[in-house]
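*Asks:*
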Amino acid sequence: MMKEASAPAQGASKYNAPDNFTTAGDPIRTFAAAIAQDTGATVDPIGDGQLHRFDCPEGKRGNRACWYVLHLDRWPAGAYGNWRTGITDTWRADHNREHDREQGARIAAAIDAARRQREREQAQAQDNAARRAQRLWSDAKPATAGHPYLARKRIPALCLRQHGDCLLIPLRTVADELVNVQRIHPDGTKRFLKGGRIVGAFALFGCELPEEGELYIAEGWATAATIATTLRLPVVAAMNAGNLAPVAQAIRAARPGLALTLAADDDHGTPGNPGMTKAAEAARLVQGAMTWPTTCRQEGCGCTDFNDVANCGRAPR
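According to this note's numbering, the sequence shown is numbered sequentially starting from 8.
#1: Note down, one range per segment and in chain order, each beta strand (DSSP E) of at least 3 residues found wholly within the stretch 180-249.
#2: Within 7 angstroms: the Cβ of Lys-67 and any heavy atom of the ligand ADP?
#3: Which residues mark the beginning and the end of the alpha helix (DSSP H) in which Ala-255 is found?
#4: On a Cα-Cα basis, can you pick out the residue from Gly-220, Arg-239, Val-76, Asp-134 that is closest to Ala-117?
#5: Compute the distance between the beta-carbons of Glu-288 and Ala-252, then report whether it is under 8 angstroms.
#6: Where do the ends of the alpha helix (DSSP H) carrying Gln-44 lie?
#7: Is Ala-136 near Lys-201, with beta carbons less than 8 angstroms apart?
#8: Pull up the distance between the alpha-carbon of Gly-213 and that of Thr-236, whole angstroms please.
#9: Can you look up Asp-51 in the DSSP assignment and give me helix, strand or coil?
#10: Should Ala-86 and Ile-42 be called a contact, given that it needs their Cβ atoms to be closer than 8 angstroms?
#11: Nearest-angstrom Cα distance between Ala-255 and Arg-36?
#12: How do the stretch 185-195 and the stretch 152-171 stand: do at least 3 beta-carbon pairs fall below 8 angstroms, yes or no?
#13: Mapping the DSSP letters down to three states, classify Gly-88 as helix, strand or coil.
#14: Which same chain residues, not among the five before or five after Pro-149, have their C-beta less than 8 angstroms away from its C-beta?
#15: Using only CA atoms, which one of Ser-145, Ile-94, His-78 lies nearest to Gln-57?
#16: Report yes if the CB atom of Gly-249 is closer than 8 angstroms to the CB atom of Leu-269, and no otherwise.
#17: Is Asn-23 helix, strand or coil by DSSP?
#18: Using 8 angstroms as the threshold, is the C-beta distance between Leu-174 and Ile-191 below it?
#19: May I have the straight-line CA-CA distance separating Gly-207 from Trp-82, to the nearest angstrom?
#20: Please list the terminal residues of the continuous alpha helix (DSSP H) segment that includes Thr-284.
#21: With DSSP run on the structure shown, which of helix, strand or coil describes Trp-299?
#22: Mark Asp-96 as exposed unless 16 or more other C-beta atoms lie within 10 angstroms of its C-beta, in which case mark it buried.
#23: Going by DSSP, name the residue or residues bridged to Gln-169.
#24: Would you decide whether Thr-301 is buried or exposed? Buried here means 16 or more other CB atoms lie within 10 Å of its CB.
#25: Specify the secondary structure class of Leu-157 as computed by DSSP and reduced to three states.
#26: Looking only at its chain, what residues have a beta carbon closer than 6 angstroms to the beta carbon of Arg-259, apart from the 5 residues adjacent to it on each side?
#27: If you follow the alpha helix (DSSP H) that Asp-80 is part of, which residue opens it and which one closes it?
#28: Tell me the DSSP secondary structure of Ala-271 in three-state form.
#29: Measuring CB to CB, does Ile-162 end up less than 8 angstroms from Thr-233?
#30: Please work out which residues of its chain come closer than 6 angstroms, Cβ to Cβ, to Phe-313, disregarding the five sequence neighbours upstream and downstream, and give them in chain order.
#31: Out of Asp-80, Leu-238, Val-316, Cys-308, which has the shortest C-alpha to C-alpha gap to Gly-111?
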């Protein structure tokens, strides 16, 4: 999509340019307004043709997930993007004038350079996190059943380890590579390793990924543990709704003989019910089945998953 030089219309995007932006006749300010419209970030662009990075407002400070490149020679033009959301866009000051071939090539090269740099950084961060995960896992001891989180959730310590007072949940690939761990503190706070891989990785409740038979795919570890101990079947935890499809597809490709069932969370209190929506999408992609808990939905009850229902005195049995 090509951005024109005029200021974006109100309501045209999730974000609008700040009120103090005066864009008429000023390519730098107009470019900044386009960036603000699509990323929500206020920047003062430098027109040196080099790649510049800045923070995504919706991420943590210092995330540097957004980028831009601006050329001011001849006909002002540039490109920008957000690596978190996948936004990539180009811009030119005079929308009635096409990029000349040389300028277009420079902008395309800048976009490609930004993508390759991001891929290198992501690969390095994931490699560092994987090494740290392996060290933590190696140094940890088997988890104790008395850990406060396990006691609250009423699930066993099977397959888990403990480092200090933190539970460690191992995330592996279908090739059984340990790539990340989720740390769960006694108060229930959950943290993945910074930069660690999550997409397509999962935590397995069981000894190994089976070659055939049935396999359930749930969101969280407590949900997976509840299903596994109830049905006595292998279950994997994708760790979040958005990862259900990547995990299901990776397992389907590696284990085509498995019968897959997506065990959805029923996020009935959340607009769009992402738990059900994402599970249904994943089931469709791998031609799998789908199941979900029967929650009580009574006032003041926040049951959404199979573990919640197992521990709720008001939920239907």
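Positions of the beta carbon are idealized from the N, C-alpha and C atoms, including for glycine.
Model, not experiment: these values are computed from the prediction.
*Replies:* In short:
#1: 185-191, 197-199, 210-212, 220-225, 242-244
#2: No copy of the ligand ADP appears in this structure; indeed no ligand is present at all.
#3: In the sequence shown, counting from the first residue as 1, residue 255 sits at position 248. Its alpha helix (DSSP H) spans residues 251-261.
#4: Locating residue 117 in the sequence shown gives position 110, counting from the first residue. Among Gly-220, Arg-239, Val-76, Asp-134, the Cα nearest to that of Ala-117 is on Val-76.
#5: Within the sequence shown, the letter at position 281 stands for residue 288. Within the sequence shown, the letter at position 245 stands for residue 252. Yes, the pair counts as a contact, with Cβ atoms nearer than the cut-off.
#6: As a first step, residue 44 must be located in the sequence shown, where it is residue number 37. Gln-44 -> alpha helix (DSSP H) spans 34-46.
#7: Taking the first residue of the sequence shown as 1, we reach residue 136 at position 129. Taking the first residue of the sequence shown as 1, we reach residue 201 at position 194. Contact: yes.
#8: Within the sequence shown, residue 213 is the residue found at index 206, counting from 1. Within the sequence shown, residue 236 is the residue found at index 229, counting from 1. Cα to Cα, the separation comes out at about 10 angstroms.
#9: Here residue 51 is taken as the residue at index 44 of the sequence shown, counted from 1. The answer is coil: DSSP assigns Asp-51 none of H, G, I, E or B.
#10: As a working note, residue 86 is residue 79 in the sequence shown. As a working note, residue 42 is residue 35 in the sequence shown. Cβ distance not < 8 angstroms, so Ala-86 and Ile-42 don't count as in contact.
#11: In the sequence shown, the residue the question calls residue 255 occupies position 248. In the sequence shown, the residue the question calls residue 36 occupies position 29. Going by the C-alpha atoms only, they are around 45 angstroms apart.
#12: yes
#13: Position 81 of the sequence shown, counted from the start, is the residue given in the question as residue 88. In the structure shown, Gly-88 sits in a strand (DSSP, three-state: E or B).
#14: Residue 149 sits at position 142 when you count from the first residue of the sequence shown. Hits under 8 angstroms: Ala-164, Leu-167, Arg-168, Gln-169.
#15: Position 50 of the sequence shown, counted from the start, is the residue given in the question as residue 57. If we check each option's Cα against that of Gln-57, His-78 comes out closest.
#16: On the sequence shown, position 242 is the one that residue 249 refers to. On the sequence shown, position 262 is the one that residue 269 refers to. It is not a contact, given that the beta carbons lie outside the stated cut-off.
#17: Taking the sequence shown and counting its residues from 1, one reaches residue 23 at position 16. In this predicted model, Asn-23 has a pLDDT of only 39, less than 50, meaning its place in the structure is not dependable; the value taken from the coordinates is given anyway. DSSP places Asn-23 in coil when its eight states are reduced to three.
#18: As a working mapping, residue 174 is identified with position 167 in the sequence shown. As a working mapping, residue 191 is identified with position 184 in the sequence shown. It is a contact, given that the beta carbons lie within the stated cut-off.
#19: The sequence position of residue 207 within the sequence shown is 200, counting from 1. The sequence position of residue 82 within the sequence shown is 75, counting from 1. If you take the alpha carbons of Gly-207 and Trp-82, they lie about 43 angstroms apart.
#20: The count along the sequence shown starts at 1 and reaches residue 284 at position 277. Counting along the chain, the alpha helix (DSSP H) containing Thr-284 begins and ends at 281-293.
#21: Taking the sequence shown and counting its residues from 1, one reaches residue 299 at position 292. Note: Trp-299 maps to coil in three-state DSSP.
#22: Here the question's residue 96 lines up with position 89 in the sequence shown. Buried, because 16 or more other Cβ atoms sit within 10 Å of the Cβ of Asp-96.
#23: Within the sequence shown, residue 169 is the residue found at index 162, counting from 1. For Gln-169, which the question treats as bridged, DSSP gives the partners Lys-148, Leu-174.
#24: Along the sequence shown, read from residue 1 onward, the residue named residue 301 stands at position 294. Flag for Thr-301 reads exposed.
#25: Position 150 of the sequence shown, counting from 1, holds the residue named residue 157. Three-state DSSP puts Leu-157 in a helix.
#26: Position 252 of the sequence shown, counted from the start, is the residue given in the question as residue 259. Closer than 6 angstroms at Cβ, skipping near neighbours: Val-293.
#27: Looking up residue 80 in the sequence shown gives position 73. No alpha helix (DSSP H) holds Asp-80; DSSP gives it neither H nor E.
#28: Along the sequence shown, one-based indexing puts residue 271 at 264. Residue state, collapsed to three classes: coil.
#29: Within the sequence shown, residue 162 is the residue found at index 155, counting from 1. Within the sequence shown, residue 233 is the residue found at index 226, counting from 1. In this structure, Thr-233 lies closer than 8 angstroms to Ile-162 by Cβ.
#30: Working through the sequence shown from its first residue, we reach residue 313 at position 306. Thr-230, Thr-233, Ile-234, Pro-300, listed in sequence order.
#31: The count along the sequence shown starts at 1 and reaches residue 111 at position 104. With distances taken between Cα atoms, Gly-111 lies closest to Asp-80.
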